[in-house]
Amino acid sequence: MAKEVLTEAPEQAEALRARLSFLRLRADRLAGLEQICLELVSERSLERLLALIMERVTQTLRAERSSLYLVEEREGERMLVTRVAQGTTEIGVAIDESSIAGSVAATGEGIRLKDAYQDPRFDPEFDQRNDFRTRSVLAVPMRNRQGQVVGVTQAINKVGGETFTEEDEEILTAFSSQAAVAIENARYFEEQRRTFEGLVLGQAVAVDARDHLTSGHTLRVTEYAVQTGRQMGLLESELEILRYAALVHDQGKLSVPDYVLQKPGGLTPEEFSLMKSHAAKTELVLNAVRHLFPRRMRRIPEIASQHHERLDGSGYPKGLKGEQIPLLARIIAVADVFDALTSKRHYREPAADADVLAILRQEVERNHLDANVVDALEAALPHLVETRARLRQEEADAEDKGGLSGIANLHVITPEWQEARPGWKGTEKPPG
Amino acid sequence: MHWRMTDQDYGQLPEQVGRAEKAVQRLELLLDTALELSSERDLDRLLDRIWRRLTQVMEAERSSLFLVDEEEGEVWSRIAQGAQEIRLPLGKGIVGTVAKTGEIINIPDAYRDPRFNPEVDRRGDFRTRALLTVPMKDRDDNVIGAAQVLNKRQGGEIFTREDEALLLALATLSAVAIETVNLYQEQREAIDAIIAGLNVGMSGRDPSYGEHVYRVEAYCLALAEELGVPEEERRILRYSALLHDLGQIGVPDSVLLKKAPLTEDEEKEFQLHALKTKILLGKMGLSGEMAKVPGIAPFDHKRMDGGGYPDGPPQGDEIPFLTRILAVAAALDVMTCPQFGQEELSFPRAVQEIQKEAGKAFDAKVVEPLVSVGPRLPEIRREVEASYGKVRVDLG
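Taken in order, these protein sequences are the chains called L and C. For what it's worth, my numbering labels the leading residue of the first sequence as 14, then goes sequentially. For what it's worth, my numbering labels the leading residue of the second sequence as 9, then goes sequentially.
Dropping the structure here:
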């Protein structure tokens, strides 16, 4: 039967065979693309995603290397931006016919070159700096779902061939659409993460800034707690919860009256009990919105509000004992005391780290603080000291440059005050 | 890829080519589906897209999609957008079994298989013949649901091995897209929760704060709807309303909590809250759609004809449209629920006062819809206060 077909119509059979091998190759490439696509959309980190895209372009097209340009706004102008490798400075390229990538973005048409050096738009600078020889080039626009050009992908030097084919161009174009969606998704994820961070941090800074002398307290406690937790070998997911809980641990201070927060000198018993009420208030407030948090964050209210509990049950607000207090709350408790003692107060100067450690040990002896946590903090002390210096520097810089941690005292903010800090003007637009 | 052929028999060439054409066509459709699904950011819309794609790509007469609800030990489905939810026990029936064990169940003739429940057909005039159900697995191989297709429209009566592979590939694409959308949803929830916590916390100091903010949010949304503000802009407006008085954190108790009209100095001190809102929001590094909030929220006290506070830009025409909506909404609430012991106005009176300022303090275009929104305001206010009562706490 098979022979019959071949003898009767050899040319037709030949054509069919060619068609079949073309289709098989195409099916292979499409199937590969589908796998890559799954891989791309599962990557949430933009930086890792960009590296992955370049790796897969190089593999799929059998190129020697590849590059990726994204359309971004720099100082009000749209341009193509590329980062050659992690950590390196970015390179900006104008969207016009002065370069290959620029042309692709400007015209929306792909470019295939057999020899880049024959094209006046090719810039040999990269080759010279990296001892590389570019020959064949394939560059295609990266379009989003709305059809807008959001970047350019470029494959360089076809391995085992003179130049990239039309088929290569088609595959790279399809690939680039998938990459564009993955990039937009990773950006959206990152934007939302930054927004959440900003809201939590801003709230923490604003709470601290109601009382000038505790400014920076929340940020320091948060860093100390996370470093202590890391020393104890906590999982990243636990450290994340610890971090957010620490950032909101003094949220209840929002509703402690000014005259208590800002009183110079010691507090009367009545004032002290108002001050102590902040932990219970943190819990009340966060519990009221607990159901709104995604499930994995619903432990935050409990952890945040129990940083003044003591192992022997003499703490507040609930008088919980030992294991009743969650580990993450015990960590925040130690970090909180450590920062209180190492910071200046209305009524005293900061204590030396060695003295503070001795006090923490006494607190362990008295069954107030968790011994394991204090051990971990002591082991991590060099990091804590480094962190403290960095945060102080950042605070000082922010004071000049208008950063978030530069808001030390909300009560002094006036138009004149703002005028006196050049960096504070026109900063409505977030950095980056 | 299961649906690729490896047959070496040249006599089968035309048929092989036909099958290869089909395989390529399906793969192209699969990639197009991947693109469509991964661009969606809303779960309901995503489920609807998946459901349509299942039917289209599989050339089936019907399809359905079920998701696992671990907590309830159930699988659930919303056949089409807006339709009622169906819930089935995990581990029971065809779908429940697939979603629990992760196996593929391919039934050539439903009525000859004891696992099939003919009840499903009896509700309509549909007759199930072939029935293919595959698990939907995420990248870590957890079964998060099941995809099901009923009756082939073309190419035979039963679902083949190639069909199984294709449906599995579709299910995996769907699972990844669902995971992504769930993650976005989580992020949005966390953002909303932290803002709610902030507002409740602020209310612990000044009990009128939270109520004011949530009423202003509701009035803004009512005006925006009337004005035809697009959905994305409405979200920005909503967040701007929720955060527009944040700077009150930095107003001293002696001013903020005063129950009588403010002196001139106190008024000045109070007005600084707008500047503080601007500074605080500006430094949070809010990103994406929220990046616009610092340019909108702090300026509800700016007048269209110049003046108002804080000093500096934006002036007049530079005032963003969303700020103009916020200004009218906030003014409405300040007049009907005054904070410093001023005279309390009824809604019709407040609307009149605002109408007098159309083209002066307020944008006439934003004042216009008050004619139709005005009568609904008391009802909107009651609804807000009822729902706010649920999260409100007494902090003494």
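All residues carry an ideal CB built from backbone N, CA and C; glycine is no exception.
- Cut-off 7 Å between Cβ atoms - residues of its own chain near N417 (chain L), not counting five sequence neighbours on either side: Here the sequence assigns Leu to residue 417 (chain L), which means Asn is not the residue at that position. Once the five neighbours on either side are set aside, the close Cβ partners of L417 (chain L) are L214, G215, V218, A411.
- Item | Beta-carbon contacts of K267 (chain C) that lie in its chain and below 6 Å, excluding the five residues immediately before and after | G349
- Are K276 (chain C) and P318 (chain C) touching if we call contact CB-CB under 9 Å? no
- Item | Completely contained alpha helix (DSSP H) runs for the segment 10-77 of chain C, where each covers 4 or more residues | 21-46, 51-66
- By the criterion of Cβ-Cβ separation under 9 Å, what are the contact partners of H320 (chain L) in chain C? Those within 9 Å of H320 (chain L) in chain C number zero; the least Cβ separation is about 16 Å.
- Would you say K368 (chain C) reaches chain L, if we count a Cβ-Cβ gap shorter than 9 Å as a contact? no
- Query: Got a sec: which bits of the segment 137-164 of chain C sit with their beta carbon under 7 Å from any beta carbon on chain L, in order along the chain?
  - Reply: R147
- Task: Could you name the residues that DSSP lists as bridge partners for S182 (chain C)?
- Result: S182 (chain C) is not bridged to any residue.
- Message: Comparing C-alpha positions only, which one of C:R70, C:P238, C:D149, C:L251 sits nearest to A155 (chain C)?
- Response: C:R70
- Compare the C-beta of R86 (chain C) against all C-beta atoms of chain L and say whether one is closer than 9 Å. no
- Which of helix, strand or coil does DSSP assign to A107 (chain L)? coil
- Message: I'd like to check one pair, L140 (chain C) with I112 (chain C): are the Cβ atoms closer than 9 Å?
- Response: yes
- Task: State the Cα-Cα distance for the pair A88 (chain C) and D171 (chain C), rounded to the nearest angstrom.
- Result: Residue confidence is low: A88 (chain C) scores 49 on pLDDT, short of 50, so the model does not pin down where it sits. No coordinate-derived value is stated.
- K127 (chain L) burial status per 10 Å Cβ neighbour count (16 or more: buried): exposed
- When you compare only the Cα positions, how much space is there between D132 (chain L) and L38 (chain C)? 37 Å
- Based on the DSSP output, what are the partners of L334 (chain C) in its beta bridges? Answer is none; L334 (chain C) lacks a bridge partner.
- Query: Does DSSP put Y119 (chain C) in a helix, a strand or coil?
  - Reply: helix
- Task: State buried or exposed for N143 (chain L), treating a residue as buried only when at least 16 other CB atoms are found within 10 Å of its CB.
- Result: exposed
- Do V117 (chain L) and V165 (chain L) come within 9 Å of each other at the CB atom, strictly closer than that value? yes
- Measuring alpha carbon to alpha carbon, tell me which of C:D313, C:E93, C:T331 ends up nearest A249 (chain C). C:T331
- Please go through the same chain and pick out, in chain order, the residues whose beta-carbon is closer than 7 Å to the beta-carbon of P314 (chain L), but skip the five residues on each side of it. E296, L299, N300, R303
- Name the residue from L:N385, L:G279, L:R96 whose alpha carbon lies nearest to the alpha carbon of L247 (chain L). L:N385
- Chain-order list of residues whose beta-carbon lies under 6 Å from that of E85 (chain L) (same chain, five-residue window excluded): V94
- Query: Grouping DSSP H, G and I as helix and E and B as strand, with all else coil, what is F209 (chain L)?
  - Reply: helix
- Query: Quick one: what's P143 (chain C) bridged to in DSSP?
  - Reply: C:A154
- Return the residues of the segment 205-216 of chain L that lie within a Cβ-Cβ distance of less than 9 Å from chain C, sorted by chain order. Q205, R206, R207, T208, F209, E210, G211, L212, V213, L214, G215, Q216
- Item | V151 (chain C) vs K108 (chain C) beta-carbon contact at 9 Å | yes
- Query: How would you label E78 (chain C), buried or exposed, when you count the other beta carbons within 10 angstroms and need 16 or more for buried?
  - Reply: exposed
- Item | Terminal residues of the alpha helix (DSSP H) in which N143 (chain L) lies | 138-143
- Inter-residue spacing [alpha-carbon to alpha-carbon] between S395 (chain C) and P346 (chain C): 21 Å
- Cβ pair I196 (chain L), L46 (chain L) closer than 9 Å: no
- Query: To the nearest angstrom, how far is it from the Cα of E336 (chain L) to the Cα of L324 (chain L)?
  - Reply: 8 Å
- Task: Please classify R401 (chain L): is it buried, with 16 or more other beta-carbons within 10 angstroms of its beta-carbon, or exposed?
- Result: buried
- If D200 (chain C) and L305 (chain L) are in contact, beta carbons under 8 Å, what's the gap, nearest whole angstrom? 6 Å
- Could you name the residues that DSSP lists as bridge partners for N114 (chain C)? C:L140
- Cβ atoms of L33 (chain L) and L21 (chain C): under 9 Å apart, would you say? yes
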